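Per full-length UniProt numbering, the very first residue in the sequence shown carries number 1; after that it's consecutive. Everything on this sheet refers to the single structure shown next.
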Amino acid sequence: MANCADVIIIGGGIIGSSTAYYLAKKGCSVIVLEKSNDIGNGGSSRNGGGVRQSGRDKRELPLAMYGVKNLWPTLSEELEMDVEYYQEGNLRLGKTDAHINILEGLTEKAVSLGLDVKMIDGEQAKEICPYLSDEVIGASWCPTDGHANPMLATLAYYRKARQLGVQFITNQEVVKIKKIKGKARQVVTSEAVYEGETIILAAGYESRKIAATVGIDVPMSQALLEVLVTEAQPPMFYQMLGTAAADFYGHQSTHGSFVFGGTSGFEGVNKDNGIPVTNSLTASCICRGIMKYFPCLEDAKIVRTWAGWIDVCADHVPVISHVEEVPGFILACGFSGHGFGISPTVGTILAQMALGEETILAINDFRYDRFQTKI
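Structure below.
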């Protein structure tokens with residue numbers, strides 16, 4: 001039947017699309033259901049493109065390290081499409097003693113887990129990136145970090161999954177998950193009913209509402225992040241950039257434009273009517289941060305801005321988990337703006353979970369019930 005598959009995936013972002021690809025590689029039939037008309041219309045196509053290990057929670061770091069070592073370097077070849085992956089390192093910059101204290105704490109934790117990251121002074125940072133302002137007094141430096149193009153990476157997974165027979169069905173909002181004999185079995189949308197042996201929910205913040213239809217809750221909130229793109233510049237530097245103060249983050253793209261993300265601090269009070277739209281204050285706030293670190297960009301023109309929702313989990317660490325109360329149901333949500341860089345690893349793990357295989361990494365830290373009171 002056209003509406004039946006081994007696995008039904010709810011959500012057509014990079015998590016859902018990568019999982020579909022890895023499942024199809026293993027010979028599974030897969031249906032991906034997407035609320036929007038477009039694949040990757042949520043955070044997957046609206047993020048800053050960071051493929052970083054540094055600055056992550058210690059629970060999440062192994063996911064990032066595995067992907068950087070084993071998946072990202074050959075992803076363009078595997079998916080037969082250039083995802084514009086650069087492994088030129090990550091500078092997280094500081095201008096004050098307080099900034100340096102923050103960076104030192106993050107670095108110490110990462111080093112204890114085996115990541116190649118270290119603190120460097122301002123002069124060493126300028127040797128890596130000569131365009132830095134003299135205000136920078138230090139940074140953390142992770143040479144194996146990098147960035148990629150989110151839109152191209154999502155599209156590459158989607159195209160390759162399609163070639164392997166995955167059905168992507170867009171413009172169908174999921175209404176509920178339905179259990180049959182106690183097992184998650186059907187996904188009811190606004191248009192049809194789909195049935196599978198396993199259901200994977202990877203729909204960003206929308207996952208909370210959908211999971212509630214089978215009595216499961218993940219404590220998440222919705223936050224808006226904004227991004228700007230400059231006109232193309234001569235090739236300058238391809239490190240991934242960030243700051244201890246979270247003034248901005250970003251990188252230079254293959255095209256030459258700079259992609260920078262940031263915040264105005266007013267996201268919680270914007271009148272957006274539920275649509276991820278940019279605020280007129282945010283671009284200027286991001287630009288003030290950029291010019292403090294990179295005065296050479298002060299005359300670069302902004303050509304467009306955009307905004308996107310992220311699903312912020314209560315502890316800022318994703319949920320990647322079987323649900324014991326609902327056999328056949330797997331959660332993959334709450335990525336808190338960190339999902340793009342770990343998506344190849346997460347897609348690999350979700351495919352293994354769906355097939356009952358041993359996962360490449362331990363996932364106990366990502367259990368859905370970690371927020372519940374233990375008796």
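Just so you know, even glycine gets a beta-carbon here, dropped at the ideal spot from N, CA and C. Here the structure is a predicted model, which means the values were calculated and not measured.
One thing to note: residue 174 has its Cβ within 7 Å of the Cβ of residue 187. Assignment of residue 243 by DSSP, reduced to helix, strand and coil, places it in the strand class. In the structure shown, residue 360 adopts coil according to DSSP, grouped into three states.
Judged by DSSP in its simplified three-state form, residue 355 adopts coil rather than helix or strand.
If you draw a straight line from the Cα of residue 220 to the Cα of residue 8, it comes to about 23 Å.
Under the rule that a run must span 4 or more residues, the alpha helix (DSSP H) segments found entirely inside the stretch 118-171 read 122-128 and 150-163.
When DSSP states are grouped into helix, strand and coil, residue 98 belongs to the helix group. Nearest to residue 110 by alpha-carbon distance, out of 54, 122 and 130, is 54. With respect to the 7 Å criterion, residue 59 and residue 365 are classified as neighbours on the basis of their beta carbons. Within the same chain, 260, 283, 286, 302 and 305 come within 7 Å of residue 228 by CB-CB distance, once the 5 residues on both sides are set aside. Its Cα nearest to that of residue 134, the residue 121 stands out among 23, 146 and 121.
With respect to the C-alpha of residue 118, the residue from 339, 89 and 96 having the closest C-alpha is 89. Residue 171 counts as exposed, since fewer than 16 other C-beta atoms from the protein chains shown sit within 10 angstroms of its C-beta.
According to the DSSP assignment, residue 224 belongs to the beta strand (DSSP E) that extends over 220-230. 226 is the residue among 226, 343, 198 and 47 whose C-alpha sits nearest the C-alpha of residue 278. Residue range 193-201 is occupied by the beta strand (DSSP E) that includes residue 199, with no alpha helix (DSSP H) assigned at that position. Taking all protein chains in view, the Cβ of residue 230 is crowded by 16 or more other Cβ atoms within 10 Å, so the residue is classified as buried.
Classified as exposed, residue 180 has fewer than 16 neighbouring CB atoms from the shown chains inside 10 Å of its CB.
For residue 68, the enclosing alpha helix (DSSP H) starts and ends at 61-70. No Cβ-Cβ contact shorter than 7 Å links residue 47 with residue 335.
Nearest neighbour of residue 215 by Cα position, chosen from 238, 224 and 178, turns out to be 178. Burial state of residue 252 is buried, judged by a 10 Å Cβ sphere holding 16 or more other Cβ atoms. The Cβ neighbour count for residue 371, taken over all protein chains shown within 10 Å, is under 16; the residue is labelled exposed.
Judged by their CB atoms, residue 233 and residue 146 are not nearer to each other than the 7 Å cut-off. Using a 10 angstroms sphere on the CB of residue 130, the tally of other CB atoms stays under 16, which defines it as exposed.
According to the DSSP assignment, residue 305 belongs to the beta strand (DSSP E) that extends over 302-313. As the crow flies, the alpha-carbon of residue 106 is around 8 Å from that of residue 56. Going by C-alpha positions, residue 213 is about 11 Å away from residue 326. DSSP, reduced to helix, strand and coil, places residue 216 outside both helices and strands of the structure shown, so it counts as coil.
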